[in-house]
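Numbering (this note's numbering), first residue to last: 469 to 543.
Take a look at the structure:
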């Protein structure tokens, strides 16, 4: 009986902490996954010109716009 209590005391607490942390981290990962998906959609739907203006970057004619493939349009 003493061995069982000792085993629970030595192993039970670390297991309980690990389970608690796994559950907590999993919920945070779910929230982060949703946020990344929303940001991805926002970036896709935002026109390239407005993106540059919002960032305060002057338009540069030598830079390709977002979504274009420089290899497909050689200059």
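Virtual Cβ for every residue (Gly too), placed ideally from N, Cα, C.
Spatial distance of residue i from residue j (CA atoms)
i, j, result
"residue 499", "residue 475", "36 Å"
"residue 450", "residue 494", "Nothing about residue 450 can be reported from this structure: the residues present for the chain run from 469 to 543 only."
"residue 510", "residue 481", "44 Å"
Residue i in three-state terms, based on DSSP
i, result
"residue 514", "coil"
"residue 542", "Unreliable placement is indicated for residue 542, whose pLDDT of 49 sits below 50; the coordinate value is still reported in the next sentence. Here residue 542 sits in coil by DSSP."
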